[in-house]
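Asker: Encoded as structure tokens, here's the structure I'll be asking about.
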Amino acid sequence: MSGEEREFDQLRAALQARAPEVDAQSKARALRLAMESFDAHQEQEAQQRSIRDRRKGGAFLAGVTAMVDRLTSRVALGATASLAVLGIGAFVVMRPGPVEPQRPVEKLVEPAVATLESGSASAEADAAQSAGPVPQPQVELAVPQGNLGPSASPAASARMRSMVPAAPAPQMQAADRFAAFDPNPLKIAAEDPVSTFSVDVDTASWSWLRSSLRMGQLPDPHAVRIEEMVNYFPYSYAAPAGDLPFSTDIAVFETPWNAGTQLVRIGLQGRMPEVEARPSLNLVFLIDTSGSMQGPERIGLLKTAFAMLLGTLRPEDKVAIVAYAGSAGEVLAPTAASDRGAITAALDGLEAGGSTAGGAGLELAYRIAGQMAGEGSVNRVVLATDGDFNVGMSSHDALKDFVSERRKSGTYLSVLGFGRGNLDDALMQALAQNGNGQAAYIDSAEEARKVLVDQAAGALFPIAGDVKIQVEWNPATVAEYRLIGYETRSLAREDFANDKVDAGEIGAGHQVTALYEITPVGSAARLTEPLRYAEPSASGGADEAGWLRLRYKRPGEAESHLIEAPIPMAVSDADTDARFAAAIAGFGQLLGHGKYLGDWGYDQALALAEGARGEDRFGYRAEAISMMRTAQAISGR
Amino acid sequence: METSDEELALAAAGGDRAAFGALVERHYGRMLALGWRLTGSRAEAEDLAQDICVALPRKLGLWRAEARFSTWLYRVIVNAAHDRRRRQAVRDRAAKGWGDWEIARQDAMAEDRAAQDWLMAAMAQLPEDLRDTVALVLGEEMTQGEAALVLGLSEGTIAWRMSEVKKRLRRIAAEEAGQ
């Protein structure tokens, strides 16, 4: 080597001498995750094979196709409910280890182990893991850097270390799975005047979106469910009159993104029963303690969330805890909520490790809920998971059938999603819907508080079930219409009055908002040509845009009630709530396909939202505005 | 005596759990070392290695048995590092307007300053493509031909890059001497 090579020698020596030594714990964790990933991959391979086989046989049932983030059949998640698209995935935030001074490296490549007994790697990992510190439930745990203060979100850390498929190569993607859907198309009122859908009180799409944006990524368009974004925000609708479970609020105003059309907003406000009058609650917490739940933003956040929920319970309520990982087990027998010490101790004792036996866990949880059932009480299983249902009742269809069977017994199911990057969101939503419940995605302690404390009543007490909305548009006044969002909740026209067909629930105090964009007859904004030979003949009045029909069941009843109301053609000024809802619907379309928006973009959406903040007691709208800015920055539009 | 990487990889791709475990166990150190040489950060390198471990079951299906496993794995590592860089660039862009991100960034900068030394300074002054080449040729002691295979470039390009690296290192040394 000549003297000219001196620079290289120096660099070579430094690059070799300072390479980090393998940290046993990090290595054990990586190997354990590798084995889990291997097992999941094998299972998915097998599943795909079986789906291909079933397709060949002509009877295509559900099944989640492996890495292909699509559920291609609407039948997939059951004709009863609607198809859902949420992401419950997983992300892990850890404090990076300090940059340690490096010692000279001995040998880079470990001596090879020619054969490794299956499981020994994970045993080693488990040992390493149990030796490590156990996260304690506290709010700060959601924050990776303690000095950031409680307002910082875990996802906001630039030091985020994503745990799962962080895409080493272009062909790799995160394994969060979303059901595929196309945005609702424009419909011509004269040809297809009736629009039917189920309510959706989930808000998971919004918190998923938030955690994506905080990671600097635009969400998968299939993760964007506009109705869940709009429904995330509280609006001031009038409380229901008489003994109706909810009130309806209809407003018609100009569309911000299209001069020639109007938005029709249909708002439902659920009754808020007085706390003293509410029935007693029997809750079974079904907690996923599989290995993938490890970490402060999963099991740690989960403990925080449940501790918050405990604070909203009354002494006569009862709580039981079932953990599942490998095998399912009762961690806490039914215990009165007044005995907070025992419940908190049981929660604190939970540790993540092992694979997931979700099916067995669900069975046990429902069995315990059945034993706890008492006169006039509400029974609910609250499932907390990152969506990793691997072992046991492994067929997704079997799981769904199981929960829809249990639904008939009167036990409700709520699903709380934690973490990011892992798995099966679509299944979680399907479970919540088939099990008469709602799915929420918990990405931070703030979100846990919103779902489990501020809106605990809605999450825990159903006031109306199988709530369906049907609008018949008047072809004499409305040329075209388009439902914004609710793609995954659409129902067949004939299912509206069929009480056997399941639909969404509304909980105490819940609100549901649906937006239609309508094009009046004669508007220059009409996208389709009127037919020359088939003039519509309408019997309805010229002052009605359409007719709203709502069906709902009271809890425990089998027969539905009908509410009807006209939708006026008269356009009024949009109030703050209406403008804000429109801004969010526009934002959702910008994130999705946005083909109906023309040149209306983020600038306009931001201006509209800024001007419609209103009182914003909890700061949700301010947060939305900063998310819109982030999305604008990422998309560069 | 010892089962070859290629045999293990083939068995693992075919669903052999033990073979897969052995393969990952054997190569974890390599992932970590190259990850560090590419990124200059232990934490990043550990993340990278873990990401690759998790992704490997799926990626193995893409491995063609005609390529040496280690060469292929190097390519996977380099691609993963590139991917991480890209995503970080997006994150940095998204950080505008997020106060807490800025705080995190400042923390990271402080950490970097503390750890700074000649190596950091030298590597940091090289553009990314040269840094990758250096990590393979000097760090992993590959021939220019091997590095070319991993990076999917011609050997001539590697040779040119290394001469470019030399020029820049001299300039750095000259600047240091001038101070």
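Residue numbers (our numbering), protein chains in the order written: chain A, 22 to 658; chain B, -6 to 172. We put the beta carbon where it would ideally sit given N, CA and C, even for glycine.
Counting pairs of Cβ atoms below 8 Å between the region 279 to 286 of chain A and the region 537 to 550 of chain A, do you hit three or more?
Answerer: At 8 Å Cβ cutoff, the stretches touch.
Asker: Could you give the first and the last residue of the continuous alpha helix (DSSP H) run that contains residue 369 of chain A?
Answerer: Position 348 of the first sequence, counted from the first residue, corresponds to residue 369 of chain A. From DSSP, the alpha helix (DSSP H) with residue 369 of chain A extends over 361 to 369.
Asker: Which residue from A/239, A/578 and A/632 puts its Cα closest to that of residue 603 of chain A?
Answerer: Position 582 of the first sequence, counted from the start, is the residue given in the question as residue 603 of chain A. Of A/239, A/578 and A/632, the residue nearest in Cα terms is A/632.
Asker: Whole beta strand (DSSP E) runs in the region 499 to 549 of chain A with 3 or more residues, listed along the chain?
Answerer: Correct list: 499 to 505, 525 to 528 and 532 to 541.
Asker: For the region 494 to 504 of chain A against the region 212 to 224 of chain A, are there 3 or more C-beta pairs whose distance is under 8 Å?
Answerer: The region 494 to 504 of chain A, when compared against the region 212 to 224 of chain A, does touch it at the 8 Å Cβ threshold.
Asker: Would you kindly report the start and end of the unbroken beta strand (DSSP E) that includes residue 439 of chain A?
Answerer: Position 418 of the first sequence holds residue 439 of chain A. 433 to 439 is the span of the beta strand (DSSP E), which, as asked, contains residue 439 of chain A.
Asker: With which residues is residue 491 of chain A paired in a DSSP beta bridge?
Answerer: By 1-based counting over the first sequence, the position of residue 491 of chain A is 470. According to DSSP, which records beta bridges pairwise, residue 491 of chain A is partnered with A/217 and A/570.
Asker: May I ask you to report which of helix, strand or coil DSSP gives residue 270 of chain A?
Answerer: Taking the first residue of the first sequence as position 1, residue 270 of chain A is located at position 249. Strand at residue 270 of chain A.
Asker: Counting pairs of beta carbons, one from the region 139 to 154 of chain B and one from the region 53 to 72 of chain B, are three or more of them closer than 8 Å?
Answerer: Judged by Cβ distances under 8 Å, the region 139 to 154 of chain B makes contact with the region 53 to 72 of chain B, as three or more pairs qualify.
Asker: I think residue 115 of chain B touches residue 32 of chain A, with their Cβ atoms under 8 Å apart; what is that distance to the nearest whole Å?
Answerer: By 1-based counting over the second sequence, the position of residue 115 of chain B is 122. By 1-based counting over the first sequence, the position of residue 32 of chain A is 11. Confirmed, about 6 Å.
Asker: How many angstroms separate the CA atom of residue 69 of chain B from the CA atom of residue 29 of chain B?
Answerer: Locating residue 69 of chain B in the second sequence gives position 76, counting from the first residue. Locating residue 29 of chain B in the second sequence gives position 36, counting from the first residue. Rounded to the nearest angstrom, the two C-alpha atoms are 14 Å apart.
Asker: If you follow the beta strand (DSSP E) that residue 589 of chain A is in, where does it begin and where does it stop?
Answerer: By one-based count along the first sequence, residue 589 of chain A stands at place 568. Unbroken beta strand (DSSP E) run through residue 589 of chain A: 582 to 589.
Asker: What are the residues of the region 115 to 134 of chain B that lie near chain A, defined by any Cβ-Cβ distance shorter than 9 Å?
Answerer: Here the close residues are 115, 116, 127, 128, 130, 131, 132, 133 and 134.
Asker: State the Cα-Cα distance for the pair residue 2 of chain B and residue 16 of chain B, rounded to the nearest angstrom.
Answerer: Numbered from its first residue, the second sequence carries residue 2 of chain B at position 9. Numbered from its first residue, the second sequence carries residue 16 of chain B at position 23. For residue 2 of chain B and residue 16 of chain B, the distance between alpha carbons rounds to 7 Å.
Asker: Figure out for me which residue from A/310, A/325 and A/321 has the closest Cα to the Cα of residue 352 of chain A.
Answerer: The residue labelled residue 352 of chain A in the question sits at position 331 within the first sequence. Checking every option, the nearest Cα to that of residue 352 of chain A belongs to A/310.
Asker: Check the DSSP bridge columns for residue 306 of chain A and list the partner residues they point to.
Answerer: Along the first sequence, one-based indexing puts residue 306 of chain A at 285. A/342 and A/403.
Asker: Note down, in chain order, every chain A residue with its Cβ under 8 Å from the Cβ of residue 13 of chain B.
Answerer: One-based indexing of the second sequence puts residue 13 of chain B at position 20. Correct list: 55, 56 and 59.
Asker: Around the Cβ of residue 660 of chain A, are there at least 16 other Cβ atoms within 10 angstroms (buried) or fewer (exposed)?
Answerer: Residue 660 of chain A is absent from the structure shown; chain A starts at 22 and stops at 658.
Asker: So, is the C-beta of residue 440 of chain A closer than 9 Å to a C-beta in chain B?
Answerer: The sequence position of residue 440 of chain A within the first sequence is 419, counting from 1. Answer no: the Cβ-Cβ gap between residue 440 of chain A and chain B never drops below 9 Å.
Asker: Within 9 Å of any Cβ in chain B, is that where the Cβ of residue 231 of chain A sits?
Answerer: Counting from 1 along the first sequence, the entry for residue 231 of chain A is found at position 210. Not one chain B Cβ lies under 9 Å of residue 231 of chain A.
Asker: Is residue 4 of chain B helix, strand or coil when you go by DSSP?
Answerer: By one-based count along the second sequence, residue 4 of chain B stands at place 11. In the structure shown, residue 4 of chain B sits in a helix (DSSP, three-state: H, G or I).
Asker: Are residue 436 of chain A and residue 220 of chain A closer than 9 Å when you measure CB to CB?
Answerer: Reading the first sequence from its first residue, position 415 is the one you call residue 436 of chain A. Reading the first sequence from its first residue, position 199 is the one you call residue 220 of chain A. No.
Asker: Quick one: which chain B residues come within Cβ less than 8 Å of residue 50 of chain A?
Answerer: By one-based count along the first sequence, residue 50 of chain A stands at place 29. What residue 50 of chain A touches in chain B: 43.
Asker: For the region 315 to 343 of chain A, which residues have a CB atom closer than 8 Å to at least one CB atom of chain B, in sequence order?
Answerer: Listed by position, the residues of the region 315 to 343 of chain A near chain B (Cβ gap below 8 Å) amount to none.
Asker: Under the three-state reduction of DSSP, which class applies to residue 208 of chain A: helix, strand or coil?
Answerer: One-based indexing of the first sequence puts residue 208 of chain A at position 187. Here residue 208 of chain A sits in strand by DSSP.
Asker: Report the three-state DSSP secondary structure of residue 50 of chain B (helix, strand or coil).
Answerer: In the second sequence, residue 50 of chain B corresponds to position 57, counting from 1. In the structure shown, residue 50 of chain B sits in a helix (DSSP, three-state: H, G or I).
Asker: Against residue 163 of chain B, what residues of chain A qualify as contacts under a CB-to-CB distance less than 8 Å, listed in chain order?
Answerer: Counting from one through the second sequence, the residue named residue 163 of chain B turns up at place 170. The answer, in chain order, is 28.
Asker: Is the Cβ of residue 39 of chain A closer than 9 Å to any Cβ of chain B?
Answerer: If you number the first sequence from 1, residue 39 of chain A lands on position 18. Output row for residue 39 of chain A: interface = yes.
Asker: Would you please verify whether the beta carbon of residue 145 of chain B is less than 9 Å from any beta carbon of chain A?
Answerer: One-based indexing of the second sequence puts residue 145 of chain B at position 152. False, the Cβ-Cβ gap to chain A never drops below 9 Å.
Asker: Name, in chain order, the residues that DSSP records as bridge partners for residue 565 of chain A.
Answerer: As a first step, residue 565 of chain A must be located in the first sequence, where it is residue number 544. Answer is A/589, bridged to residue 565 of chain A.
Asker: DSSP three-state label for residue 351 of chain A, please.
Answerer: What you label residue 351 of chain A is simply residue 330 of the first sequence in a count that begins at 1. Of the three classes helix, strand and coil, the one that applies to residue 351 of chain A here is strand, per DSSP.
Asker: To the nearest angstrom, how far is the alpha carbon of residue 267 of chain A from that of residue 431 of chain A?
Answerer: On the first sequence, residue 267 of chain A is found 246 positions in, with the first residue counted as 1. On the first sequence, residue 431 of chain A is found 410 positions in, with the first residue counted as 1. If you take the alpha carbons of residue 267 of chain A and residue 431 of chain A, they lie about 21 Å apart.
Asker: Out of A/482, A/600, A/623 and A/522, point me to the one whose CA is closest to residue 303 of chain A's CA.
Answerer: For the purposes of this step, residue 303 of chain A is taken as the residue at position 282 of the first sequence. The shortest C-alpha separation from residue 303 of chain A is found at A/482.
Asker: Rounded to whole angstroms, how far is the Cβ of residue 385 of chain A from the Cβ of residue 420 of chain A, which I believe are closer than 8 Å?
Answerer: The sequence position of residue 385 of chain A within the first sequence is 364, counting from 1. The sequence position of residue 420 of chain A within the first sequence is 399, counting from 1. 14 Å between Cβ atoms; not a contact.
Asker: Quick check: the region 42 to 51 of chain B against the region 40 to 60 of chain A, are there 3 or more CB pairs under 8 Å?
Answerer: Touching, per the Cβ criterion.
Asker: Contact between the region 650 to 657 of chain A and the region -5 to 9 of chain B is defined here as three or more beta-carbon pairs at a separation below 8 Å; is this criterion met?
Answerer: Result no; under three Cβ-Cβ pairs closer than 8 Å.
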